[in-house]
Amino acid sequence: MPLPRFKLPKLFAKRPPELAGPPSESEANEAAENVQGTLIEHLMELRTRLVRAGLAVLIVFIVLFPWARDWYALLAQPMIEVLPAGGQMIATDVVGVFLVPVKVTLMLAFLIALPVVLWQGWAFIAPGLYQHERSLIIPLMVASLALFAMGMAFAYFVVFPSVFGFMVAVAPEGVAWMTDIDKYLSFVLTTFIAFGVTFEVPVVVIVLVRMGIVTLEKLRSWRPYVIVGAFIIGAIFTPPDIMSQVLLAVPLWLLYELGMVLAQFIKPVKKPEVDQVA
135 MPLPRFKLPK LFAKRPPELA GPPSESEANE AAENVQGTLI EHLMELRTRL
185 VRAGLAVLIV FIVLFPWARD WYALLAQPMI EVLPAGGQMI ATDVVGVFLV
235 PVKVTLMLAF LIALPVVLWQ GWAFIAPGLY QHERSLIIPL MVASLALFAM
285 GMAFAYFVVF PSVFGFMVAV APEGVAWMTD IDKYLSFVLT TFIAFGVTFE
335 VPVVVIVLVR MGIVTLEKLR SWRPYVIVGA FIIGAIFTPP DIMSQVLLAV
385 PLWLLYELGM VLAQFIKPVK KPEVDQVA
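In structure tokens:
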């Protein structure tokens with residue numbers, strides 16, 4: 135059951151002029167008990183939500199685990215397709231052939247269970263939000279999930295074949311180009327996160343405009359800095375080749391432009407007045 139909005143105890147409420155002065159000992163004790171009780175209730179609620187989210191991920195993981203090797207083979211397909219004849223991936227760790235497919239399966243389970251995880255987080259924070267904030271969160275949550283998935287798909291179907299093909303082309307003659315499966319997984323996860331976060335740019339722009347933090351004119355004036363920053367981010371979070379940097383920087387800039395286009399239809403909300411406690 136969701137908890138009500140947290141309210142300050144009477145100790146911190148406005149006191150009438152005739153009662154001005156320090157609170158009595160009984161009032162202080164009552165306020166301390168209220169704060170402690172409310173904090174414990176919120177911590178118990180948080181624990182319940184975390185347990186439910188963890189169980190959702192665990193259940194999906196158990197269902198997917200029998201096909202752990204297949205999930206890793208699917209993830210490694212872009213690399214395997216461009217390897218030279220006779221090339222293969224290697225495992226330098228004794229238990230890597232077991233742990234890496236398990237990690238891939240756990241990652242996939244988390245992605246599948248992510249709507250449940252986010253819903254539990256939403257159910258925990260919703261009672262403390264204003265009505266206009268609640269109406270904004272759910273559409274943003276759905277859009278964020280869709281954009282993050284699009285970013286991962288772009289990395290898998292566009293970036294990986296291009297980057298791996300480039301690496302094969304520049305490999306010196308006589309060099310057997312192979313990679314460890316654990317290092318490949320680390321590279322894939324880093325790239326997925328980089329492109330998934332990059333595709334969230336329209337959501338960030340819309341939120342900034344909707345909450346009145348920045349204006350659309352201000353965002354337009356930042357365009358040159360965003361373009362330069364996009365290429366800097368591409369150089370930091372991608373392999374040291376021009377192709378992968380461009381494949382991250384250009385979508386980042388275009389998504390920023392898309393966010394500004396969509397923000398034209400968004401009206402900033404007026405900040406509600408602070409609740410007055412009698």
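For the sequence shown, position 73 matches number 207 in our numbering, and the numbering has no gaps at all.
In this text, a Cβ means the ideal position worked out from N, Cα and C, and glycines have one as well.
Look up residue i in the DSSP assignment and say whether it is helix, strand or coil.
i       : result
Asp-316 : helix
Ile-347 : coil
Ile-400 : coil
Asp-409 : At Asp-409, the pLDDT of 44 sits below 50, so the modelled position is not reliable and the matter cannot be decided from this model.
Buried or exposed for residue i, please, with buried defined as at least 16 other CB atoms from any protein chain shown within 10 angstroms of its CB.
i       : result
Tyr-206 : buried
Tyr-264 : exposed
Met-312 : exposed
Val-229 : exposed
Phe-325 : Correcting the residue identity first, residue 325 is Thr in this sequence and not Phe. Its Cβ being crowded by 16 or more others within 10 Å, Thr-325 is buried.
Ala-202 : buried
Gln-398 : exposed
Ala-219 : exposed
Pro-151 : Residue placement at Pro-151 cannot be trusted, given a pLDDT of 48 that sits under 50; what the coordinates show is reported in the next sentence. Pro-151 comes out exposed.
Ala-303 : exposed
Can you tell me the Cα-Cα spacing of residue i and residue j, whole angstroms?
i       : j       : result
Ile-224 : Ala-369 : 27 Å
Val-331 : Val-185 : 26 Å
Pro-235 : Val-197 : 14 Å
Leu-319 : Gly-363 : 27 Å
Ala-247 : Val-338 : 23 Å
Val-293 : Leu-381 : 7 Å
Arg-181 : Ile-366 : 40 Å
Leu-342 : Thr-349 : 8 Å
Lys-352 : Glu-391 : 13 Å
Ile-91  : Ile-340 : Since the first and last residues shown for the chain are 135 and 412, residue 91 lies out of range.
Phe-195 : Ala-328 : 24 Å
Glu-307 : Asp-314 : 20 Å
Gln-379 : Ile-174 : 48 Å
Tyr-290 : Ile-193 : 26 Å
Once you ignore the five residues that flank residue i on each side, which residues in its own chain have a CB closer than 6 Å to its CB?
i       : result
Val-231 : Ala-225
Lys-401 : none
Met-275 : Leu-252
Report, in whole angstroms, the separation of the C-beta atoms of residue i and residue j, which I expect to be a contact under 8 Å.
i       : j       : result
Leu-270 : Arg-344 : 6 Å
Leu-240 : Pro-336 : At roughly 29 Å, the Cβ-Cβ gap does not stay under 8 Å, so Leu-240 and Pro-336 are not in contact.
Ala-268 : Ala-260 : Checking the displayed sequence, the identity of residue 268 turns out to be Arg instead of Ala. Their Cβ separation, rounded to whole angstroms, is 6 Å, which keeps Arg-268 and Ala-260 in contact under 8 Å.
Val-361 : Trp-387 : According to the sequence provided, residue 361 is Ile. The question's Val does not apply to it. Yes, Ile-361 and Trp-387 are in contact; Cβ-Cβ is about 5 Å, under 8 Å.
Leu-209 : Val-297 : With 8 Å as the limit, Leu-209 and Val-297 do not qualify as a contact, their Cβ atoms being about 15 Å apart.
Gly-255 : Arg-183 : 7 Å
If you drop the 5 nearest sequence neighbours on each side, which residues of the same chain put their C-beta closer than 8 Å to that of residue i?
i       : result
Val-251 : Ala-187, Ala-190, Val-191 and Phe-244
Arg-354 : Met-394
Phe-333 : Leu-281, Phe-282, Met-284, Gly-285, Phe-288, Pro-385 and Leu-389
Pro-295 : Pro-212, Glu-215 and Val-216
Gly-221 : Ala-310, Trp-311 and Met-312
Pro-249 : Leu-279
If I measure Cβ to Cβ from residue i and keep anything under 7 Å in the same chain, skipping five residues before and after, which residues do I get?
i       : result
Ala-277 : Val-337
Ala-305 : Trp-311
Asp-316 : Asp-227, Gly-230 and Val-234
Lys-237 : Leu-319
Phe-199 : Thr-239
Leu-242 : Leu-198 and Trp-205
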